[in-house]
Amino acid sequence: MIRIKCPYCGERDHSEFTYGGDASIKYPELDAPESEWTKAIFFRENIRGIQKETWHHTNGCRLWLEVERSTITHEIKSVKVCHPQIEKITKSKL
Amino acid sequence: MTSVRKEKYGKINRDKVLGFTWDNKEYFGYEGDSLASALLANDIKIVGRSFKYHRPRGVMSCGVEESGALVTIGSGSKTDPNVRATTQELYSGLNAKGQNAFPNVNFDFGGINNYLSRFFAAGFYYKTFMGLPPFEWGKGTGIWMVFEKIIRKAAGMGKASREPDPDSYEHANDFCDVLVIGSGPAGIAAAQELVNKNLDVILIEQDSLLGGNNLSKKDFDANLLLSKLKSSSVRVMSRTTAFGIYDNTVVGALERVTDHLPNPDVKLPRQRFWTIRAKHIIVASGALERHVTFNNNDVPGTMTVNASKHYLNRYGVLTGKNIVITTNNDSVYQTAIELHQAGAKVTVLESRKKIKLDLSKEIDLHLNSLPFSINGSKKIDSIDVCKATDLSFKNTIICDQVLMSGGWSPIVNLISHRGIKPIWNQENLCFIPGDIKENISVVGSAKGIWNEKDCIESGLVGANEAMNTLGIHKKEISFPSVGGWSNSIEPLFEVKSNKFPSKSFVDFQHDVTAEDVRLAHREGFISVEHLKRYTTLGMANDQGKMGNIIGLSLMAEQLDKTIPEVGTTVFRPPYTPVPIGALTGRNVGKHFRPLRVTPMHQWNIDHGAKMIEVGLYQRPWYYPKKNETLSDSYIRETKIVRKTVGICDVTSLGKIAIQGPDATEFVNRIYTNPFAKLPLGKARYGIMLRDDGIVMDDGTSWRLGENEYFMTTSTAAAAKVMSWLEELLQTRWTDLKVNVTSVSEQWAGAAIAGPKSRNVLNECVFDPSEITNENLPFMGVLETKLKEGTPCRIVRISFSGELAYEMYIESDYANGMMDILWESAQKYDGCLYGLEALGALRVEKGHVTGAELDGRVTIDDAGLGKMASTKKSYIGSAMRKRGVLNADDREILVGFFPINEKETFNAGTIVCEKDNIKGQGVGRITSVTHSPELGHWIGIGFVKGGLEKWKGITLIGADPIRNKQMQIKVVSPHMIDPEGKRMYA
Ligand SMILES: [Zn+2]
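These protein sequence lines are chains A and B, in that order.
In terms of our numbering, the first sequence has 40 at position 40, counting the first letter as 1, and numbering is strictly consecutive.
In terms of our numbering, the second sequence has 967 at position 967, counting the first letter as 1, and numbering is strictly consecutive.
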């Protein structure tokens with residue numbers, strides 16, 4: 001059972017969350033050419049080690065989180081809120 | 001073996017006599033007995049028959065590693081097969097039976113397999129695939145199909161009941177600072193040390209009594225220990241097995257709540273499945289004694305040495321009168337002394353040439369001696385002995401029991417679950433846990449520490465590690481060293497037999513012999529994992545607890561390698577079997593998954609609805625009048641909607657409130673069609689694509705205010721769309737000032753469809769002249785109130801092709817809204833309609849739903865290409881232009897008619913060309929219905945190239961599952977009122 005420290009809710013079981021995807025992807029502008037979008041959508045590293053990924057606290061605060069997780073051990077290095085403004089608020093209040 | 005109960009021995013309660021049944025005969029035991037100890041006290045020698053050869057087997061251990069005494073408990077729906085008699089507590093009225101034998105374990109016809117054993121060697125089962133060994137007669141699957149059934153029947157364990165499980169199970173959760181697994185000396189030392197530091201400590205013990213190996217001591221008092229721990233506020237969970245360690249120091253545990261009770265309280269679950277989240281785990285799981293492989297080492301009366309000490313001191317049962325102990329290590333001598341003191345004649349066959357120990361003269365010690373073969377079949381008559389240095393020299397010793405100790409194996413299973421490879425310790429001939437980087441400490445004999453003083457010391461070191469983890473302090477203390485015997489152990493895994501086929505067992509449960517391991521090697525299975533699967537070594541329900549290391553040593557010998565070079569197989573959870581019922585917990589029957597009902601659920605039922613499950617939702621399916629079938633009913637409902645008016649619960653649609661200064665920009669980016677200029681008070685049907693250009697969902701969005709939208713989604717995609725919108729706003733477009741809120745539960749909705757729908761609405765709203773074509777045009781939105789004053793929202797929207805509206809109201813007022821709508825609709829001879837009629841109406845109009853938008857379909861495939869704006873960019877706008885999504889042979893949405901109008905077809909029908917009926921054909925039918933309007937069956941679906949390519953050509957609808965083929969033709973999906981005159985009326 002992976003346990004994720006949600007900055008808003010505290011440490012919870014991974015069953016409360018939904019895995020999103022690769023958090024390191026910079027999605028292109030909507031009017032960017034097909035080639036850029038193809039890269040963003042289909043090209044993925046198969047990382048052995050720490051991977052940045054998004055998790056949605058679906059059965060909790062509904063925040064999307066950026067999690068650094070080891071793909072070897074499931075160890076979680078860091079968790080932060082994806083949205084920069086909300087991230088600032090959670091940091092100052094928690 | 002002649003086993004007897006001894007006075008003044010054991011921790012059983014002799015004041016409490018318990019009656020039980022074994023193979024339909026009545027016996028007695030005492031409170032505190034296990035089923036195995038009670039059987040031994042009654043001198044019952046044969047308690048099981050082996051898996052392949054049906055050899056008689058007795059009690060071989062005193063714990064979870066038991067390989068012989070597997071029995072079936074209970075009967076009927078309460079049947080529990082493959083229960084280890086050694087861990088089953090005795091209770092009054094316990095009903096146990098031997099298994100894998102006919103008519104019983106004492107006399108078993110299957111025993112003939114023993115004489116045919118040369119044909120049942122390793123891989124026999126697999127070889128039957130190639131024909132029947134030894135002649136490979138009848139190659140091909142035919143012969144295998146015949147023999148498979150016979151083999152299955154002959155080789156077996158207990159039989160499970162076919163009835164539903166009558167017991168209940170529970171899931172439970174807990175948290176603690178430190179979880180200690182095992183209550184032997186090391187575990188107890190750790191728990192006490194930690195609780196003294198005011199830490200929250202849970203101690204788990206699989207046994208009913210605390211103490212671990214201390215229970216084999218004559219004067220150990222388990223109850224005193226328990227009360228000590230409880231008064232120091234250690235949370236003790238006995239009868240609970242930690243069966244697995246998972247990520248983030250989470251432990252799965254199974255608590256046996258009522259398995260030891262004769263008449264359990266019906267309110268109690270049989271078992272609890274625990275998920276315990278600890279900050280640090282201390283594994284004090286102990287070690288298991290290994291047996292020795294030699295000829296006939298499985299005759300009833302063979303047992304591990306330490307087990308006999310447990311039976312004597314815990315249960316007061318002396319397991320033999322004339323006992324031979326065979327060993328290669330020091331651990332047996334205390335037992336030898338105690339068995340002797342209890343009245344047995346004890347002979348020790350010591351494989352080592354010399355040892356330094358103080359021994360009573362009464363114990364007959366033979367150095368440099370090995371067990372060669374046991375004589376006897378249903379009981380031990382004598383044992384042939386040879387010299388370790390000369391396997392040919394033989395001497396026979398009369399005895400009734402042979403106790404074996406080939407060394408000890410630390411229980412590294414739980415550590416192995418964490419992916420940590422155990423390390424071979426040549427000095428102590430065992431695997432010990434490897435380096436652990438998580439917050440887990442292994443202590444005691446689980447770490448390969450043999451003497452009690454060092455075990456206690458290691459428990460304190462483990463506690464110190466836990467305190468380092470928890471930040472109580474930072475101290476480095478090192479563990480006592482591994483081992484601890486005064487004379488070092490020497491290898492004794494197998495004594496080679498001169499007989500063929502020999503009956504030298506490595507894995508008792510699966511009848512794997514030393515010869516089988518060598519055969520596997522000869523046949524080329526040189527990897528441990530292959531060996532395991534081919535011989536089934538370690539694959540029985542003890543999972544190789546006893547035989548694995550011996551198997552490895554034999555393999556190492558064959559490969560001329562060392563044991564660590566051969567490796568070890570990976571242990572996976574669970575450590576001991578976990579019933580499926582416990583995994584399922586309360587999620588059975590109606591609790592299998594959540595049930596969602598709309599706020600007018602009861603109203604629908606009261607008005608005659610037959611319900612259907614759609615996803616998690618209960619929705620009205622159809623509203624039958626007297627004696628009407630489903631098809632009678634929905635055809636009538638469909639006709640009435642097209643003729644006058646019908647009302648349908650559409651609450652299950654997803655609803656999302658979109659608010660904020662950038663709401664318009666946001667909505668405009670997620671839909672393919674333009675929303676930037678949607679006026680206030682208007683709604684629009686929209687399509688959403690995924691990033692990759694495939695359709696995600698369809699729905700509507702209504703502009704309620706300058707900065708406010710109300711979005712509806714399909715029922716199935718409601719949760720997905722909500723998460724998607726949140727993802728976009730929180731991760732990609734963080735500059736947009738928009739808030740999204742799911743309001744699916746807050747609003748109840750009803751569709752009012754049919755030519756009379758406007759009349760019905762005007763009767764229901766506060767101002768009876770409010771609803772006009774001008775005031776509420778097609779796709780218009782009106783926030784108004786019902787005639788008794790409740791606010792509601794109305795949108796003019798049509799899924800049926802008729803003049804139609806949807807009305808939404810706060811969920812608490814749903815029944816009131818339905819009452820008002822229904823009262824008015826009845827005046828126009830209207831009806832209530834369900835999902836079946838809704839489907840028929842939309843198929844007639846060629847509207848797509850989830851059956852069509854299945855994650856493979858583009859907006860052009862769905863015939864909705866006109867809704868893809870060319871003037872703006874939106875999610876998926878770049879990727880939908882990919883070549884592969886615009887190929888000429890894309891499957892395009894069309895309608896289907898049967899050529900013979902009397903014929904019907906099913907969804908899933910494959911569309912093929914006339915002379916090429918195979919494979920995936922040229923298309924598929926996704927939704928079908930009888931069309932009352934057209935008077936025959938119709939369908940929609942997809943065909944390569946679309947209507948243009950197949951117009952006027954007869955195709956075949958193939959339905960191989962129903963063995964049906966029929967002629968069909970392709971038509972426009974818009975089968976009724978293609979210009980939409982009715983909708984705009
Ligand atoms: Zn949260």
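Beta carbons: idealized from backbone N, C-alpha and C, even for Gly.
With C-beta atoms as the reference, is residue i less than 9 Å away from residue j?
i	j	result
residue 861 of chain B	residue 942 of chain B	yes
residue 620 of chain B	residue 610 of chain B	yes
residue 717 of chain B	residue 850 of chain B	yes
residue 21 of chain B	residue 104 of chain B	no
residue 441 of chain B	residue 190 of chain B	yes
residue 302 of chain B	residue 60 of chain B	yes
residue 287 of chain B	residue 445 of chain B	yes
residue 804 of chain B	residue 649 of chain B	no
residue 168 of chain B	residue 314 of chain B	no
residue 19 of chain A	residue 40 of chain A	no
residue 587 of chain B	residue 1 of chain A	no
residue 835 of chain B	residue 614 of chain B	yes
Taking only beta-carbon positions, decide if residue i is within less than 9 Å of chain B.
i	result
residue 82 of chain A	yes
residue 85 of chain A	yes
residue 89 of chain A	no
residue 73 of chain A	yes
residue 17 of chain A	no
residue 43 of chain A	no
residue 20 of chain A	yes
Identify every residue that forms a DSSP beta bridge with residue i.
i	result
residue 794 of chain B	B:782, B:807
residue 969 of chain B	B:897, B:954
residue 424 of chain B	B:431
residue 255 of chain B	B:240, B:272
residue 169 of chain B	B:271
residue 700 of chain B	B:685, B:712
residue 911 of chain B	B:923, B:957
residue 97 of chain B	B:72
residue 398 of chain B	B:382
residue 10 of chain A	A:6
residue 278 of chain B	B:176
For residue i and chain A, any beta-carbon pair shorter than 9 Å?
i	result
residue 669 of chain B	yes
residue 250 of chain B	yes
residue 586 of chain B	no
residue 787 of chain B	no
residue 437 of chain B	yes
residue 277 of chain B	yes
residue 184 of chain B	no
residue 419 of chain B	yes
Thinking residue i and residue j are a contact (beta carbons under 8 Å), I'd like their distance in whole angstroms, please.
i	j	result
residue 241 of chain B	residue 584 of chain B	Residue 241 of chain B to residue 584 of chain B, Cβ: 18 Å. No contact.
residue 958 of chain B	residue 910 of chain B	5 Å
residue 641 of chain B	residue 813 of chain B	The Cβ separation is near 24 Å, so there is no contact.
Check: If you measure beta-carbon to beta-carbon, which residues of the region 723 to 744 of chain B are closer than 7 Å to chain A?
Finding: 723, 726, 727, 730, 731, 732, 734
Next item on the list: Can you give me, in chain order, the residues of the region 23 to 36 of chain A that have a beta carbon less than 7 Å from any beta carbon in chain B?
Entry: 27, 30, 31, 32, 33, 34
Next item on the list: Compile a chain-ordered list of the residues in the region 874 to 907 of chain B whose CB is closer than 8 Å to at least one CB of chain A.
Entry: 874, 875, 877, 878, 879, 881, 882
Margin query: Which residues of the region 45 to 61 of chain A have a Cβ closer than 7 Å to any Cβ of chain B? Give them in chain order.
Written below: 54, 56, 58
Next item on the list: Taking a Cβ distance cut-off of 9 Å, strictly less, list which residues of the region 225 to 247 of chain B are near chain A, in chain order.
Entry: 246, 247
Checklist line | Residues, ordered as in the chain, of the region 791 to 803 of chain B that lie near chain A by beta-carbon distance below 7 Å | finding: none
Check: Got a sec: which bits of the region 689 to 713 of chain B sit with their beta carbon under 8 Å from any beta carbon on chain A, in order along the chain?
Finding: 691, 692
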